[in-house]
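Colleague: Dropping the structure in here first, questions after.
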Amino acid sequence: MLLSLEQDLFDQRFARIREIAALGFRPYGQRFEFTHTIPQVLSQFGAATGEELEAAKPAVKLAGRILTVRRMGKAGFMHIQQSGERLQVYVRKDAVPETEYQLYGLLDLGDVIGVEGYLFRTRTGELSVHVERLTFLSKNLLGIPEKYHGLEDVEIRYRQRYLDLIANPDVHKTFATRAKVVSSFRRQLQERGFIEVETPMMQSLYGGAAARPFVTHHNTLDIDLYLRIAPELYLKRLISGGMERVFEINRNFRNEGVSTRHNPEFTMLEFYQAYADYRDLMDLSGQLLKQVALDATGNTLVPYQELELDFGNVRRYSMREAVCEFYKGPQKPSLDDVKDPAWLLKHSEKTTAGEALVDIFERHCEDALIQPTIIHEYPVEVSPLAKQSPADPTMTDRFELFAAGMEIGNAFTELNDPDEQRKRFEMQLAMRERGDEEAHQMDEDYLRALSYGMPPTGGEGIGIDRVTMLMTNSKSIRDVILFPLLRPEGEIGIAEWLRQASSK
RNA sequence: GGGCCGGUAGCUCAGUGGUAGAGCAUCUGACUUUUAAUCAGGUGGUCGCGGGUUCGACCCCCGCCCGGCUCACCA
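Residues 1 to 504 (my numbering) are what the first sequence spells out, left to right.
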């Protein structure tokens, strides 16, 4: 039977499992007690000179995956990797027990091994482990990507993230930075007295955003449920109940297109603070983002593509001011123009002045908002859950955060008048009747919660994936989501390979 | 969903209407401080899938699958 090269290699390596076992090693290893991780070795001894190491001969015991092998007769070098960082190890025949040198001969790229020895520098100055004991921890049966270019095929990188992590060390950094973003937000909110909560992901009514939901089904209750598009209405129920500062960091699901900025499941931070309003949240947002930048990157100036974003200073414009400032036509409108419904409707296809203002803003301004910017005062038509501005009932006390031309946050003074909220829901129902699938449903339990009296409250949502894109200089949201949504792949066939290899 | 681009060895990529290529990986041999190790030799391909045109298609045409970018929609 003709084998593909890859299956041939698979069979060879599978057979090597028995050879390794015959030498007395367990091919899939066992508990391994190490003295250092590879990142620890590099940070602790990265600056030590050859002379210092020669004098101290620091003992280390560590584990990692083999990425390169250079064999030279009776000795050889390997690079082993852990957490995206690499360390060279040097194995020579006369420095290790005989069976361990035989084991060395059976090692393949991608195998996981443990080594014990002392640190030294080679003639060319590279920090390395002079191996005295070698042990086997896990077998790799598949070829690993090329050492020089790594794995570039984006489809394989997303589908087989484990392989991406093996082949591309920077991926570890990206996801470590993502973890820092999340923990920075969490810690900052906790320090300010916010309590972290978890609210339903499966909801029988969905709301809190304009989006189409995913539908699922509960068998024993025999009811359809929606995967939540936002936690907002539940978090405000908690405010009504007296949990005056709450936040949630969790997944939302929106049944919409996929792009470099959208994944159907994405992570949002939402937080609500009783007795605050959107002005307080503008200040808080600036503080949170500045500290996140410091915690995630070490600096408030963050490189993004060919830009440098300054999270130490968040600009503020009202939406009307932004339209006047960033209007792309030859003649910029005046503040009177953008307050005039006739002017707005003349410059947009939309049917209401408020929707027209947002439409013009999105077309003219959004991509110009490179530096972190707050845009405040949003029309009431597009803000069904926000409180109207006392001075101008056509507008709401709401703002959004932008950076790199991307929306990264949305906040407002929460509407806490149940009768006004009832009217807003009814407006939404009317929009739904006209075919707007993204309009809100009537949520009577939410109205009931407001009817008990919800304190005046400020609330905000921040897109964690998008903030992470900025902090990791990632062009696509898929680069900051470990397993982004893809169509299912075809037959893989590895079960059959294992079946065939083990029957030989 | 529309437009544009891509899919060739395990990986990274060339390629021409006329026998399918390179580097790395892999296999054999040499080599006890190498490092994109080196040197010598070898293995490896349903050229995404299915049709069509043609004496002949990886190449041209049509359809489909998968992915990327972009527009639309959204955060």
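Even for Gly, the Cβ is constructed at its ideal location relative to N, Cα and C. These numbers were taken from a predicted model, which means no experiment stands behind them.
Any idea which residues DSSP pairs M72 with across the strands?
Modeller: Looking at the DSSP output, M72 bridges to A75.
Colleague: By alpha-carbon positions, which one of L5, G73, V89, L127 ends up nearest to A63?
Modeller: When only C-alpha atoms are compared, the closest one is V89.
Colleague: Identify the continuous beta strand (DSSP E) that holds D108 and give its terminal residues.
Modeller: Careful: D108 lies outside any beta strand (DSSP E) and carries neither H nor E.
Colleague: What are the start and end residues of the alpha helix (DSSP H) that includes L235?
Modeller: 232 to 240
Colleague: State the start and end residues of the unbroken alpha helix (DSSP H) segment that holds T472.
Modeller: 464 to 472
Colleague: Of all the beta strand (DSSP E) runs that stay within the bounds of the stretch 23 to 89, which reach a length of 3 or more residues?
Modeller: 59 to 72, 75 to 82
Colleague: Residue range of the alpha helix (DSSP H) that R254 falls in?
Modeller: First-last for R254: undefined, no H or E at that position.
Colleague: Less than 6 Å between C-beta atoms, sequence neighbours within five positions excluded: which residues of the same chain meet that for A356?
Modeller: L344, L345, S348, K350
Colleague: Please report the residue range of the beta strand (DSSP E) in which D397 lies.
Modeller: 392 to 403
Colleague: Would the beta-carbon of V131 fall within 8 Å of that of V96?
Modeller: yes
Colleague: Leaving out the 5 sequence neighbours to the left and right, which residues in its chain are closer than 7 Å to F483 when beta-carbon positions are compared?
Modeller: R161.
Colleague: Using the beta-carbon count (16 or more within 10 Å), is D479 buried or exposed?
Modeller: Buried, since its Cβ has 16 or more Cβ neighbours within 10 Å.
Colleague: What are the partner residues of H170, as DSSP defines its beta bridges?
Modeller: Here the sequence assigns Asp to residue 170, which means His is not the residue at that position. In DSSP, D170 forms no bridge with anything.
Colleague: Is E19 helix, strand or coil by DSSP?
Modeller: helix
Colleague: Taking G257 as the reference, which of F247, L486, L163 has the closest Cα?
Modeller: L486
Colleague: Helix, strand or coil for S502 per DSSP?
Modeller: Residue state, collapsed to three classes: helix.
Colleague: May I ask you to list the residues that DSSP assigns as paired with Y272?
Modeller: Y272 is bridged to V246, G459.
Colleague: Which residues in the same chain as T216 place their Cβ atom closer than 8 Å to its Cβ, once the five residues preceding and following it in sequence are excluded?
Modeller: M202, D224, L225, Y226, L227
Colleague: Run the CB neighbour count on V154, radius 10 Å, all protein chains shown included, and call it buried at 16 or more, exposed below.
Modeller: exposed
Colleague: State the start and end residues of the unbroken beta strand (DSSP E) segment that holds H218.
Modeller: Residues 215 to 218.
Colleague: Taking the Cβ atom as the reference point for each residue, do W497 and F10 lie within a distance shorter than 8 Å?
Modeller: Yes.
Colleague: Sort out for me which residues DSSP pairs Y101 with in a bridge.
Modeller: According to DSSP, Y101 bridges with nothing at all.
Colleague: In angstroms, rounded to a whole number, what distance separates the CA positions of K504 and I144?
Modeller: Between K504 and I144, the C-alpha separation is close to 24 Å.
Colleague: Which residues mark the beginning and the end of the beta strand (DSSP E) in which M406 is found?
Modeller: Unbroken beta strand (DSSP E) run through M406: 406 to 413.
Colleague: Thinking C-alpha only, which one of G461, P379, C324 is nearest T352?
Modeller: P379
Colleague: Does the distance from the C-beta atom of L205 to that of Q421 stay below 8 Å?
Modeller: no
Colleague: Would you be able to state if there are at least three C-beta pairs under 8 Å between the stretch 177 to 196 and the stretch 265 to 278?
Modeller: yes
Colleague: To the nearest angstrom, how far is the alpha carbon of R448 from that of E400?
Modeller: C-alpha separation (whole angstroms): 28 Å.
Colleague: Could you check whether the stretch 398 to 416 touches the stretch 276 to 295, counting it as contact only if at least three pairs of C-beta atoms, one from each stretch, sit closer than 8 Å?
Modeller: yes
Colleague: So, with DSSP's three-state summary, where would you put Q203?
Modeller: strand
Colleague: According to DSSP, simplified to helix, strand and coil, what is D494?
Modeller: Per the sequence presented here, residue 494 reads as Ile, with Asp not at that position. If DSSP states are grouped into helix, strand and coil, I494 belongs with the helices.
Colleague: With a Cβ-Cβ cutoff of 8 Å, do F311 and F247 count as a contact?
Modeller: No.
Colleague: Taking 8 Å as the cut-off, decide whether the C-beta atoms of L141 and R13 are in contact.
Modeller: yes
Colleague: What residue range does the beta strand (DSSP E) around L509 cover?
Modeller: Only positions 1 to 504 of the chain appear in this structure, which leaves residue 509 out of reach.
Colleague: By how many angstroms is the C-alpha of A22 removed from the C-alpha of M1?
Modeller: At M1 the pLDDT is 35, less than 50, meaning the model places this residue with poor confidence; the figure from the coordinates comes in the next sentence. Using only the alpha carbons, I get a separation of about 28 Å.
Colleague: Starting from V129, trace the beta strand (DSSP E) in both directions and tell me its first and last residue.
Modeller: It spans 127 to 138 - the beta strand (DSSP E) in which V129 sits, taken as one unbroken run.
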